[in-house]
Amino acid sequence: MNTTPVNHSRYRTLNFKHECIICGSRAVGINFGVSSCAPCKAFFRRNARRKDVLTLPCHHSDINPFNENNTDSNDMKMRYLQIRQCSSCRLRRCFEVGMKEELIRTDEENQWHRELVDNNRKRRETLQKQELEQGNQSSLTKHLPQNYDLVSKIDWCHLSNIVYAFDTYCVKTYLEQRANIFKNEISQKEKQLNHYKMLPMSITFALGSFLKQLPAFQSLSRTNQLFLCKNNLRRLMFLNLHELNQACFSEPWQIDACKSIWEFICGPDLYKQFANIQISAEKLIIADPIMTRLWIITLFFSTPLFSYYDSKSSMIKVRKNSLLIDIQTIYITLLWKYLLNRHGPMESIRIYSNLVFAFLSMLRIGLEVNIRLRTQKDLASIHETLDDLTKLDIN
Numbered sequence: 084m085n086t087t088p089v090n091h092s093r094y095r096t097l098n099f100k101h102e103c104i105i106c107g108s109r110a111v112g113i114n115f116g117v118s119s120c121a122p123c124k125a126f127f128r129r130n131a132r133r134k135d136v137l138t139l140p141c142h143h144s145d146i147n148p149f150n151e152n153n154t155d156s157n158d159m160k161m162r163y164l165q166i167r168q169c170s171s172c173r174l175r176r177c178f179e180v181g182m183k184e185e186l187i188r189t190d191e192e193n194q195w196h197r198e199l200v201d202n203n204r205k206r207r208e209t210l211q212k213q214e215l216e217q218g219n220q221s222s223l224t225k226h227l228p229q230n231y232d233l234v235s236k237i238d239w240c241h242l243s244n245i246v247y248a249f250d251t252y253c254v255k256t257y258l259e260q261r262a263n264i265f266k267n268e269i270s271q272k273e274k275q276l277n278h279y280k281m282l283p284m285s286i287t288f289a290l291g292s293f294l295k296q297l298p299a300f301q302s303l304s305r306t307n308q309l310f311l312c313k314n315n316l317r318r319l320m321f322l323n324l325h326e327l328n329q330a331c332f333s334e335p336w337q338i339d340a341c342k343s344i345w346e347f348i349c350g351p352d353l354y355k356q357f358a359n360i361q362i363s364a365e366k367l368i369i370a371d372p373i374m375t376r377l378w379i380i381t382l383f384f385s386t387p388l389f390s391y392y393d394s395k396s397s398m399i400k401v402r403k404n405s406l407l408i409d410i411q412t413i414y415i416t417l418l419w420k421y422l423l424n425r426h427g428p429m430e431s432i433r434i435y436s437n438l439v440f441a442f443l444s445m446l447r448i449g450l451e452v453n454i455r456l457r458t459q460k461d462l463a464s465i466h467e468t469l470d471d472l473t474k475l476d477i478n
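Sequential numbering of the sequence shown, starting at 84, is according to my numbering.
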């Protein structure tokens, strides 16, 4: 079974190429939704909201830079030169190939991201020093391939599709619902608690919206789809919460409001454990959206992440379990290829071990929270609503 890109028009600009599709220079990666070089990335960030640039006259109007009949290399160079020299043509080209203005970070988000990158860099340097001091490689690394250029063009396309789909279906859905929950700054505790049900609902619903768009999920039978949603969707709520906190900027008052909601859901004693696990996850899991989102998908296509006996529920049996194993194998292989390509064997093992440890901690606290939801009368409605969200046809 091979990984294939999403054949949908909204992903058409995500195919990773080694050249910038705007000016033809060497691309540095996927920026604002398309493969582009560093100068075009910086240009779009500076000018995307300056719509007046599009109305500026082109000083090279005698040449049509987008004439596909020009195949001569000199004509190609002239077209790219015109795009680089004319701001109007360049910005128009950025929008035509699919660059997205909404993906540009605000000043606050940039500051938060720089601090995050700096903390991760310091953490990697510390880990590298520890490895040098130990001086011994794990026996496991001897069995890992030494060629780190493992990620193919198809793999990059698949990875970029996953990142974009998560931003489109999960992050966007969560931000829309969070805006409805907290339309204004909330100062009174009573108002915060009125919304305690909506926060876990929005996290779970946003994750389900993303996972149900995956071609691998859509290829399964309805029985298997229901099996995965019923058994694994709620178990990934805290891991998804961690990723959403990394991807979304929050005002201080929003952070305080969410804290009050989780304190109400968890109770004072359990909330301390919940908060400690959140802090631990921020230290253990590096801020890499590709890695975390692949990890979420890998866990979703699993046998039940946790099961408890419920005499009132009817057991949903999975059909053709090998299909789920094949899908999970594809995603975990892609995750390892990405980690090895970016971090090398030793660091990849450390990162993956931290992922497993952090998720098991989240799973443990999630179990205790679910028990509280099922046994506390004032929280029973949350438990019922979260169970409803695991249905395929939920609106």
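Note that the Cβ used here is the ideal one computed from N, Cα and C, for glycine as well.
Nearest to residue i (by Cα), restricted to the options the options
i, options, result
"V117", "L139, G181 and L294", "G181"
"F310", "L137, R128 and D470", "D470"
"S405", "S243, V234, E184 and N307", "N307"
"L327", "C120, K183, Q260 and V452", "Q260"
"L382", "L418, I264, F115 and P351", "L418"
"D461", "K313, Y279, P298 and E334", "Y279"
"L423", "V234, R173, E192 and C169", "V234"
"Q168", "R197, N193, K236 and I105", "I105"
"H184", "N114, N202 and K205", "It is worth fixing the name first, because residue 184 is Glu in this sequence and not His. Checked all of N114, N202 and K205; the closest Cα to E184 is N114."
"C240", "Q411, G112, P387 and T375", "G112"
"R176", "C103, E208, L242 and A110", "C103"
"K134", "F178, E430 and Y163", "F178"
"K313", "T386, L242, A340 and I237", "T386"
"N193", "D352, Q329, Y163 and P428", "Q329"
"A131", "L164, T189, A110 and Y163", "T189"
"F440", "L322, R425, P428 and D409", "L322"
"E430", "Q337, V452, Y163 and R206", "R206"
"H426", "E198, E191 and R204", "R204"
"S141", "L164, T251, D352 and Y354", "As written in the sequence, residue 141 is Cys, which differs from the Ser given in the question. Among L164, T251, D352 and Y354, the Cα nearest to that of C141 is on L164."
"N315", "L407, N202 and E208", "L407"
"K295", "L258, T251 and P351", "T251"
"M320", "A121, T209 and Y257", "Y257"
Exposure label - residue i; buried when at least 16 CB within 10 Å
i, result
"L324", "buried"
"R317", "buried"
"V200", "exposed"
"D393", "With a pLDDT of only 48 at D393, under 50, the local geometry of the prediction cannot be trusted, and the value read off the model is given with reservation. It counts as exposed."
"I454", "exposed"
"Q459", "exposed"
"T138", "exposed"
"L456", "buried"
"S119", "buried"
"K124", "buried"
"R173", "buried"
"R376", "buried"
"R95", "Because R95 sits at a pLDDT of 36, beneath the cut-off of 50, its placement in the model cannot be relied upon, and the following sentence gives the value as read from the coordinates. Flag for R95 reads exposed."
"L450", "exposed"
"K474", "exposed"
"A262", "exposed"
"W345", "buried"
"I338", "exposed"
"K428", "Before going further, note that residue 428 is Pro rather than Lys in the sequence given. Buried."
Short CB-CB distance (under 8 Å) between residue i and chain B
i, result
"I237", "Considering every chain present, this structure includes no chain B. It has just one protein chain."
Nearest-angstrom Cβ-Cβ length linking residue i and residue j, presumed shorter than 8 Å
i, j, result
"L414", "F384", "The sequence given here has Tyr at residue 414, not Leu. Sure, about 7 Å apart at Cβ, within 8 Å."
"L472", "M284", "7 Å"
"W378", "L438", "5 Å"
"I187", "R128", "6 Å"
"W195", "F347", "About 27 Å; that fails the 8 Å criterion."
"S108", "V136", "Rounded, the Cβ-Cβ distance is 20 Å, inconsistent with contact."
"I380", "L297", "7 Å"
"F293", "C253", "4 Å"
"C349", "V452", "6 Å"
Contact test: residue i Cβ vs the ligand PLP heavy atom, cutoff 7 Å
i, result
"C123", "No copy of the ligand PLP occurs in the structure displayed, which carries no ligand at all."
Practice item. For the segment 366-384 and the segment 431-449, state whether three or more C-beta atom pairs, one from each stretch, are separated by less than 8 Å. Key: Taking 8 Å as the limit for Cβ pairs, the verdict is that the segment 431-449 does touch the segment 366-384.
Check your understanding: Do the segment 437-451 and the segment 355-364 meet, that is, are 3 or more Cβ pairs less than 8 Å apart?
Key -> Verdict: yes, contact present.
Check your understanding: So, do the segment 284-297 and the segment 344-364 have three or more beta carbon pairs nearer to each other than 8 Å?
Key -> no
Exercise for review: Say whether the segment 461-470 touches the segment 241-251, bearing in mind that this needs 3 or more beta-carbon pairs closer than 8 Å, one atom from each stretch.
Suggested key: no
Exercise for review: At 4 residues or longer, and completely inside the segment 98-137: list those alpha helix (DSSP H) runs for me, N to C.
Suggested key: 121-130
**Study point:** Length-filtered (4 minimum) alpha helix (DSSP H) runs lying within the segment 282-329
**Key:** 298-301 and 305-315
Check your understanding: Enumerated in chain order, which unbroken segments of the alpha helix (DSSP H) with a length of 4 residues or greater are wholly contained in the segment 326-370?
Key -> 335-349 and 351-367
Check your understanding: In the segment 424-470, which residue ranges form an unbroken beta strand (DSSP E) of at least 3 residues, counting only runs that do not cross its ends?
Key -> none
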